[in-house]
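> Take the sequence shown: its position 136, counting from 1, is numbered 136 in the numbering used here, and each next residue is one higher.
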Amino acid sequence: MQKLILLILMFMYLFAFNMPIASSSVYSSFIASIFCFFNIKKLTESYKFELFKEFIYKQFKYIIFPLFFLFVICSFIGVVHGTNDFSYTTQIFKSLIYSVLFVPVAGFFITGYGEGNRFKNFLYQPYLIQSTIIILCLLFPSLYNIVKSFQYDSIVEVAERYNGIRGLALSGPQFFGLACSYIFVMFMLAHDFVSNRIGIKYTLVCFLFFFISSLSIGRTALIGCVIFILYISLYNILTRFSFNKKTGVFFIALTLSALFLFPYMMYNQAVYDIVFNKVTPFAFEFIDKYISTGKFSTTSTDVLGHMYFPLSESTLLHGDGYYTNINNDAYYMNTDAGFMRPTLYGGIFFMLLISGGWCLLLFRIFGPTYGKLFSFLCVVFTLMLQIKGEVMVVQTAVILILSPMILFNVLFTSKKSSL
């Protein structure tokens, strides 16, 4: 029963979907706090209490304190420029709150389990559930009416433009943000697979569900699938100069699964229409563009090309103190490119401060459990994603993953971890 409760709480926390008064993450934290209160004796047991203290220490050191420091700097920038635009500060404060909200959830997990390998299941399983929800909404559009009632109005408005193929997740963060979180999860899945932390069957199921749901989430999420394939293919060759038989078996199983699913998609008219007439044209637009124009591009990349432009020396050095337009909530200077918005707000050195701090954070969180190579690759693809949109600091979907990874870091490095 406790396992089911924890799974539900993790799902609610990770996806922060709309609920009355507050997001599901707030409710998850509140419910976990109640369970911790009634299990205070277990939580104060010597070993578990040490784990909990270590988690709180690292949570404050790596996420909460740096975010608070950045919050102060952003407030100062808004005041110095005299713009009174604190919209970026508000986004950072939101990330700060989400980081704090995970503390009771971590305490609840430690009271019942306190083992690293079990915790990873509580990270992958919510994404499996989310992928199942997305796939079911694709196949049975009437189900989306239920999911839609837990989405924010702004998300529903955007989703309606895509004729029922996007914005189907039971989640607050959608589109680019949700895609970024899926990339992180698929990257971790790949490393856990080559490190023999999870088996072939579990990995195969996760990958298939993640891949299919990624077709709806957005083209960015497909990068995670590519990273997964490349990582499991090249990891042993580059690090151990050998080919892993386990990887070969996985690819055989993946091929057989594809051969099994393809006839079903071809001969089921409803599924065929969804896959080949709706989802595929959107997900693989870049292939169609290549055939038509000879260049790999999409509508998004075409727009992105116009969101990077020369800045004045003053703006480049000091920023303008604007994150959104003063008269409305539109993007300042009509750009939402990841490196442009913080630079326009606080200047190039402010952007470098954020980038450097973020890279250090990833090494601190993933280094002890996944190694320097994994951490470095995380930094690389984060910087690449930042070109398109904001990933660092203010991307809610990513922040919601980092706190659980700090808990995994603590559990993994503890002497009694079963990993």
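Backbone N, C-alpha and C define an ideal beta-carbon position, used for all residues, glycine too.
Which term fits Arg161, buried or exposed, when burial requires 16 or more other beta carbons within 10 angstroms of its beta carbon?
Numbered from its first residue, the sequence shown carries residue 161 at position 161. Exposed, since its Cβ has fewer than 16 Cβ neighbours within 10 Å.
> Consult DSSP for Thr343 and reduce its assignment to one of helix, strand or coil.
Numbered from 1 along the sequence shown, position 343 holds the residue referred to as residue 343. Reduced to three states, the DSSP call for Thr343 is helix.
> Within the stretch 177-217, note down every full alpha helix (DSSP H) run reaching 4 residues or more, in order along the chain.
Whole alpha helix (DSSP H) segments, 4+ residues: 200-217.
> What separation, rounded to the nearest whole angstrom, lies between the Cα atoms of Phe412 and Leu123?
Here residue 412 is taken as the residue at index 412 of the sequence shown, counted from 1. Here residue 123 is taken as the residue at index 123 of the sequence shown, counted from 1. Phe412 and Leu123: Cα-Cα distance of roughly 14 Å.
> With a Cβ-Cβ cutoff of 9 Å, do Gln59 and Ser403 count as a contact?
For the purposes of this step, residue 59 is taken as the residue at position 59 of the sequence shown. For the purposes of this step, residue 403 is taken as the residue at position 403 of the sequence shown. A contact, by the Cβ cut-off of 9 Å.
> Is the stretch 32-41 in contact with the stretch 307-315, if contact means three or more CB pairs nearer than 8 Å?
As far as the Cβ criterion goes, the stretch 32-41 does not touch the stretch 307-315, which means the pair count is below three.
> Is Ser154 buried or exposed, if buried means 16 or more other CB atoms sit within 10 Å of its CB?
As a first step, residue 154 must be located in the sequence shown, where it is residue number 154. By the 10 Å Cβ count, Ser154 comes out exposed.
> Per DSSP, Asn18 forms a beta bridge with which residues?
Start at 1 with the first residue of the sequence shown, and residue 18 comes out as number 18. Answer is Ser23.
> How would you label Phe260, buried or exposed, when you count the other beta carbons within 10 angstroms and need 16 or more for buried?
Counting from 1 along the sequence shown, the entry for residue 260 is found at position 260. Answer is exposed; the Cβ neighbour count stays below 16.
> So what does Tyr331 bridge to, in DSSP terms?
Here residue 331 refers to the residue found at position 331 of the sequence shown. Tyr331 is bridged to Thr324.
> Excluding five sequence neighbours on each side, which residues of the same chain lie with their C-beta closer than 8 Å to the C-beta of Phe250?
In the sequence shown, counting from the first residue as 1, residue 250 sits at position 250. The answer, listed in chain order, is Phe193, Ile200, Thr203, Leu204 and Ile232.
> To the nearest angstrom, how far is the alpha carbon of Phe176 from that of Ala221?
As a first step, residue 176 must be located in the sequence shown, where it is residue number 176. As a first step, residue 221 must be located in the sequence shown, where it is residue number 221. Whole-angstrom Cα-Cα distance: 8 Å.
> Report buried or exposed for Glu390, applying the criterion of at least 16 other Cβ atoms within 10 angstroms of its Cβ.
Numbered from its first residue, the sequence shown carries residue 390 at position 390. Buried, since its Cβ has 16 or more Cβ neighbours within 10 Å.
> With 16 other CB atoms within 10 Å as the buried threshold, where does Leu352 fall?
Residue 352 sits at position 352 when you count from the first residue of the sequence shown. Burial call: exposed.
> For a minimum of 4 consecutive residues, which ranges assigned as the alpha helix (DSSP H) are wholly contained in the stretch 42-75?
As far as the stretch 42-75 is concerned, its whole alpha helix (DSSP H) runs of at least 4 residues are 46-59.
> Where does Cys104 land, buried or exposed, given buried means 16+ other C-beta within 10 angstroms?
On the sequence shown, position 104 is the one that residue 104 refers to. The sequence as given places Pro at residue 104; Cys does not occur at that position. Classification of Pro104: buried, given that the 10 Å Cβ count is 16 or more.
> May I ask which residues mark the beginning and end of the alpha helix (DSSP H) holding Pro104?
Here residue 104 corresponds to residue number 104 of the sequence shown, with the count starting at 1. From DSSP, the alpha helix (DSSP H) with Pro104 extends over Ser87 to Gly112.
> Spatial neighbours of Asn84 within its chain, please: C-beta separation below 7 Å, excluding the five flanking residues on both sides.
On the sequence shown, residue 84 is found 84 positions in, with the first residue counted as 1. Around Asn84: Gly78.
> Expressed to the nearest angstrom, what Euclidean distance is found between the alpha-carbon atoms of Lys416 and Ile212?
Your numbering for residue 416 matches position 416 in the sequence shown. Your numbering for residue 212 matches position 212 in the sequence shown. Because Lys416 sits at a pLDDT of 44, beneath the cut-off of 50, its placement in the model cannot be relied upon, and the following sentence gives the value as read from the coordinates. The straight-line gap from Cα to Cα measures roughly 37 Å.
> How many angstroms separate the CA atom of Gly172 from the CA atom of His306?
By one-based count along the sequence shown, residue 172 stands at place 172. By one-based count along the sequence shown, residue 306 stands at place 306. Going from the Cα of Gly172 to the Cα of His306 covers about 28 Å.
> In whole angstroms, what separates the C-alpha of Ile92 from that of Phe71?
Within the sequence shown, the letter at position 92 stands for residue 92. Within the sequence shown, the letter at position 71 stands for residue 71. Approximately 6 Å between the Cα atoms of the pair.
> Do Ala190 and Phe228 count as a contact pair if the criterion is CB distance below 9 Å?
In the sequence shown, residue 228 corresponds to position 228, counting from 1. In the sequence shown, residue 190 corresponds to position 190, counting from 1. Contact flag set, yes.
> Which of helix, strand or coil does DSSP assign to Asp336?
Along the sequence shown, one-based indexing puts residue 336 at 336. Looking at Asp336 - three-state DSSP - the assignment turns out to be coil, as it is neither helix nor strand.
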